[in-house]
Amino acid sequence: MHSSLFPSTGHRAAAPLDLIHSDLCGPLSVSTPEGYRYWCVFIDDHTRYRVVVLLKKKSDTFNVFKQFKALAENQQNGDEERANRTMLEDVTAMLAQANSPVRFWGRCLATQIKVWNCLPTASLPDKTPFEAWFGRKPNLSRFRVFGCTAYVFVQRDKRKKLESHMQKCIFVGYPPDYSDWTFYNPVTKEFIISECAEFDECVFPGLSTKETTPSAQLQLLETPASQPAPPNSIPLPIAPEDFDTSQTLLPRLNTLLTPPVANSNPPSPAASPAPAPFLDLPPPPPAVPPPAPQPPAPLVPLHLQPFSGDPSAR
Numbered sequence: 001m002h003s004s005l006f007p008s009t010g011h012r013a014a015a016p017l018d019l020i021h022s023d024l025c026g027p028l029s030v031s032t033p034e035g036y037r038y039w040c041v042f043i044d045d046h047t048r049y050r051v052v053v054l055l056k057k058k059s060d061t062f063n064v065f066k067q068f069k070a071l072a073e074n075q076q077n078g079d080e081e082r083a084n085r086t087m088l089e090d091v092t093a094m095l096a097q098a099n100s101p102v103r104f105w106g107r108c109l110a111t112q113i114k115v116w117n118c119l120p121t122a123s124l125p126d127k128t129p130f131e132a133w134f135g136r137k138p139n140l141s142r143f144r145v146f147g148c149t150a151y152v153f154v155q156r157d158k159r160k161k162l163e164s165h166m167q168k169c170i171f172v173g174y175p176p177d178y179s180d181w182t183f184y185n186p187v188t189k190e191f192i193i194s195e196c197a198e199f200d201e202c203v204f205p206g207l208s209t210k211e212t213t214p215s216a217q218l219q220l221l222e223t224p225a226s227q228p229a230p231p232n233s234i235p236l237p238i239a240p241e242d243f244d245t246s247q248t249l250l251p252r253l254n255t256l257l258t259p260p261v262a263n264s265n266p267p268s269p270a271a272s273p274a275p276a277p278f279l280d281l282p283p284p285p286p287a288v289p290p291p292a293p294q295p296p297a298p299l300v301p302l303h304l305q306p307f308s309g310d311p312s313a314r
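For the sequence shown, the residue numbers in full-length UniProt numbering are 1 to 314.
Structure, rendered in structure tokens:
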């Protein structure tokens, strides 16, 4: 169950780029293979078109906004909160259906944004966000189900005689130009871009990995102030289209922020257990003051000191 959002103002911008909603989402509990843990979403108020960008570091947000603004100009806050939550729920459902490792959430998010921009919305009568932004209808003929089985054609110069002309892969999205498809080969662990493939959209092979267990779920984490930031990175566009508008900022989902799943394996008795991150630990006990120095005992003359031993030894 979700908390109620602030009511919409009911006002829409008169033209594209007059008003842009943006927000940041992250860090997520599992990073992508490239090391991304945040995403940033931009929503054009007039066309409802969305753009998403993956980030490694929260401080890259301003640079991403400047890149988005420059690209948009060359081409031509309850809203973003709801968009962020919807995107996270859609990505979680798509990963579960595909039996895909959680680390592929970045490519899954790119696919979700591409599909969403081509769907009708209540705020645009008889139009999709793609059509309102570009002025033409989207091409849906190359849409495929995320995570389904695909048999990708192998070029002649990349195979030997008597070898199969097809290799079994998993469909994981679309490259930036959208003219091809992107596949993952679980045997070679490589990503392949090809325009020649046969799809079986009813079969989801998934991957045999520990990440597919219920304990590895996509979550949003609160970053403590003392936690070091990830290494710097270049933002990765997610769902580019003629103008790559799948690079955008997403709202903070404070209601969905949950701590990571604790490790069920008990620590070894030899090693001191480390405190779990993101937990409210009790404050340390107050320091005990050192005892007050005692005055030295008075000196007793040697002839008055008590004697213990053999009296005959004196």
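All C-beta atoms, glycine included, are put in the ideal place defined by N, C-alpha and C. Remember, it's a predicted structure, so these values are computed and weren't measured experimentally.
> Along the chain, which unbroken stretches of the alpha helix (DSSP H) at least 4 residues long are found entirely within the segment 108 to 151?
Replying inline: 129 to 134
> By Cβ distance below 6 Å, which residues in the same chain neighbour residue 167 in space, the five residues on each side in sequence not counted?
Replying inline: 152, 154
> Apart from the five residues just before and just after residue 105, which ones in its own chain have a Cβ nearer than 8 Å to its Cβ?
Replying inline: 28, 30, 32, 91, 95, 218
>> Within a Cβ cutoff of 6 Å, which residues of the same chain sit near residue 13, ignoring the five residues on either side of it in sequence?
In response: 19, 45, 46
> Taking the alpha carbon of residue 115 as the point to measure from, which residue in 103, 206, 51 has its own alpha carbon closest?
Replying inline: 51
> How big is the Cα-Cα spacing for residue 17 and residue 69?
Replying inline: 9 Å
>> Between 65, 49, 48, which has its C-alpha nearest residue 40's C-alpha?
In response: 65
>> Give me, in chain order, the residues of the same chain whose beta-carbon lies closer than 6 Å to that of residue 202; leave out the 5 immediate sequence neighbours on both sides.
In response: none
> From what residue to what residue does the beta strand (DSSP E) around residue 155 run?
Replying inline: It is not in any beta strand (DSSP E) - residue 155 carries neither H nor E in the DSSP assignment.
>> One question on the structure: do residue 36 and residue 54 come within less than 8 Å of each other, judged by their Cβ atoms?
In response: yes
>> Give me, in chain order, the residues of the same chain whose beta-carbon lies closer than 8 Å to that of residue 15; leave out the 5 immediate sequence neighbours on both sides.
In response: 46
>> Let's test the definition: count the other Cβ atoms within 10 Å of the Cβ of residue 122 and tell me whether it reaches 16, buried, or not, exposed.
In response: exposed
>> Assuming contact is defined by CB atoms lying nearer than 8 Å, are residue 49 and residue 117 in contact in what I supplied?
In response: yes
> Near residue 173, what residues of its chain come up, given a Cβ to Cβ distance below 6 Å and the 5 sequence neighbours on each side ignored?
Replying inline: 107, 110, 111, 182
> What did DSSP end up calling residue 19 once you bin it into helix, strand or coil?
Replying inline: coil
> Since residue 204 contacts residue 83 with CB under 8 Å, what's their CB separation in whole angstroms?
Replying inline: Not confirmed; about 26 Å, so no contact.
> Rounded to a whole number of angstroms, what is the C-alpha to C-alpha distance between residue 213 and residue 136?
Replying inline: Because the pLDDT of residue 213 is 43, which lies under 50, any placement of that residue in the model is unreliable, and the question is left without a value.
> Which residue's Cα is closest to the Cα of residue 146: 292, 67, 190, 113?
Replying inline: 113
>> I need the boundaries of the beta strand (DSSP E) containing residue 50, first residue and last residue.
In response: 50 to 55
>> Check for me: the beta strand (DSSP E) holding residue 359 runs from which residue to which?
In response: No answer is possible for residue 359: it lies beyond the span of the chain, which begins at 1 and ends at 314.
>> According to DSSP, simplified to helix, strand and coil, what is residue 172?
In response: strand
>> On a Cα-Cα basis, can you pick out the residue from 124, 144, 62, 59 that is closest to residue 179?
In response: 144
>> Measuring only the C-alpha atoms, how far is residue 171 from residue 124?
In response: 31 Å
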